[in-house]
Amino acid sequence: MTTTKALVNIRPGHAEVQDIPVPALEPGYIRVKPTAWVINPDDAYHLGLEGDESCVGAVVGTDYAGVVVEVGPGVKRDFKVGDRIAGGVSGQNILRKHDGAFAHLIHVKGDIQMKIPNNMSDEDAATQGVALITMGVGLYQHLHLPLPDAPAKEAFPVFIYGGSTAMGISAIQFAKLAGATVITTSSPGNTDYVKSLGADHVLDYKSKTLIDDVLRLSGGPLLYIFDTHPNSTSTVISAAILQQSPTAKYISLNPGPEHEVKRLNPHVTAESILAYSATGNPWMYENEFYEAVPADFAFQKKFVKVAEKLFEEGLVKPPRVFLNRGGSGLEGVLKGLVEIREGRVSGGKLVYTRD
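Per numbering that gives the first Met the number 0: the sequence shown = residues 0 to 354.
Structure representation (structure tokens):
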């Protein structure tokens, strides 16, 4: 096959299905035939970037599940043709325009992909690509929580802002497996669902007493905050409830908010992370160049094996799946991107199966 169908960013806010060349398989990569795709907020965000930040010409999409059709040289994991795998890629990376997931044939960095357990559907597995990378890089590599296979012997409080977001759904479960007491936020309509994931305390994100409530439930200022939906409110809350100590850590899933937290509470360690750092390649984000981070890539190669076992044992639940909302295939994905952009998705993920 010399071409494949792919969803390509054609101008700010717009994508279309095009026939694109199939690139040669690079060392360390696997070629995959996707069976399911998942839309992440970043997919819609990057699609809307304009001017110097535009990602025009790049293939859209970060999350997929599919079947291995070819294994390139240099892949260390024992993947073989026919294996069911899932993972995340750096879609709409202007430095590597062909890397996106929303295509009928894709190539992925082999050693950080997940083997799908027999007890897991492709639709559920597809939700875990960027989520697993974010958990590995964010919760463990940078926030430094204990790994799930060696949890803390005594519970410790963690505040997760945005418990019903796609990343919050994963973070609650992985933090619990680390031995944490999880305090989180959500809208009242998602409270029961968030509690079912293992959250110990779920607070209304609009509550006027949120800061006092967190401090009461945690027994005082915290050492760990994982902000899955950073905004002007979350930064003020985070700065107020963190200990005034360098050992107190704040992690944002978008660049920028960490500076405001640091301004409000200069004593803390505040960082932002992007899942792309674990791909082993450099990338562009909002017209900023980011170097590859070998340490994050090396860590993710180990963490994905830990995560596989957790799914196999049923210790982590995938988020709720909203299947083929608006239609299946890449045309359905186009409609889903509009839903994401308009803020009409909460408490689960949009998943689309191949036609």
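Note that CB positions come from ideal geometry on N, CA and C, so glycine has one too.
Distance between residue j and residue i (C-alpha atoms, nearest Å)
i: Pro318; j: Pro293; result: 29 Å
i: Val31; j: His106; result: 6 Å
i: Ser251; j: Ala130; result: 14 Å
i: Lys304; j: Gly331; result: 32 Å
i: Glu259; j: Ala239; result: 12 Å
i: Leu46; j: Ile159; result: 27 Å
i: Phe356; j: Pro116; result: Within the shown structure, residues of the chain are numbered from 0 to 354, placing residue 356 beyond reach of any answer.
i: Thr133; j: Asp18; result: 31 Å
i: Glu285; j: Val58; result: 16 Å
i: Thr246; j: Ile224; result: 12 Å
i: Val74; j: His97; result: 19 Å
i: Gly50; j: Met283; result: 14 Å
DSSP-derived helix/strand/coil call for residue i
i: Gly218; result: coil
i: Ala274; result: helix
i: Phe78; result: coil
i: Leu322; result: strand
i: Glu287; result: strand
i: Asn8; result: strand
i: Arg340; result: helix
i: Val55; result: coil
i: Met119; result: coil
i: Ile93; result: coil
i: Gly263; result: Before going further, note that residue 263 is Leu rather than Gly in the sequence given. Here Leu263 sits in helix by DSSP.
i: Asp148; result: coil
i: Ile38; result: coil
i: Val213; result: helix
i: Val350; result: strand
i: Lys114; result: strand
Those residues which DSSP pairs with residue i across a bridge
i: His141; result: In DSSP, His141 forms no bridge with anything.
i: Gly87; result: Asp62
i: Arg30; result: Glu69 and His106
i: Ala269; result: Tyr249
i: Ala179; result: Phe155
i: Leu203; result: Here residue 203 turns out to be Asp, not Leu, going by the sequence shown. Paired residue(s): Ser185.
i: Leu333; result: Looking at the DSSP assignment, Leu333 forms no beta bridge with any residue, so it has no partner.
i: Thr3; result: Ile19
i: Phe225; result: Ile159 and Ile250
CB contact flag (residue i, residue j, <8 Å)
i: Thr184; j: Ala154; result: no
i: Pro156; j: Phe173; result: no
i: Ala170; j: Thr234; result: no
i: Ser217; j: Tyr204; result: no
i: Pro281; j: Leu94; result: yes
i: Pro145; j: Gly167; result: no
i: Asp62; j: Thr126; result: yes
i: Val16; j: Leu6; result: yes
i: Ser89; j: Tyr275; result: yes
i: Ala14; j: Leu336; result: yes
i: Gly346; j: Ser120; result: no
i: Thr268; j: Lys248; result: yes
Endpoints, alpha helix (DSSP H) assigned at residue i
i: His106; result: No alpha helix (DSSP H) holds His106; the beta strand (DSSP E) holding it covers Ile105 to Lys108.
i: Thr234; result: Ser231 to Ile240
i: Asp295; result: Pro293 to Glu311
First through last residue of the beta strand (DSSP E) which encompasses residue i
i: His13; result: His13 to Pro20
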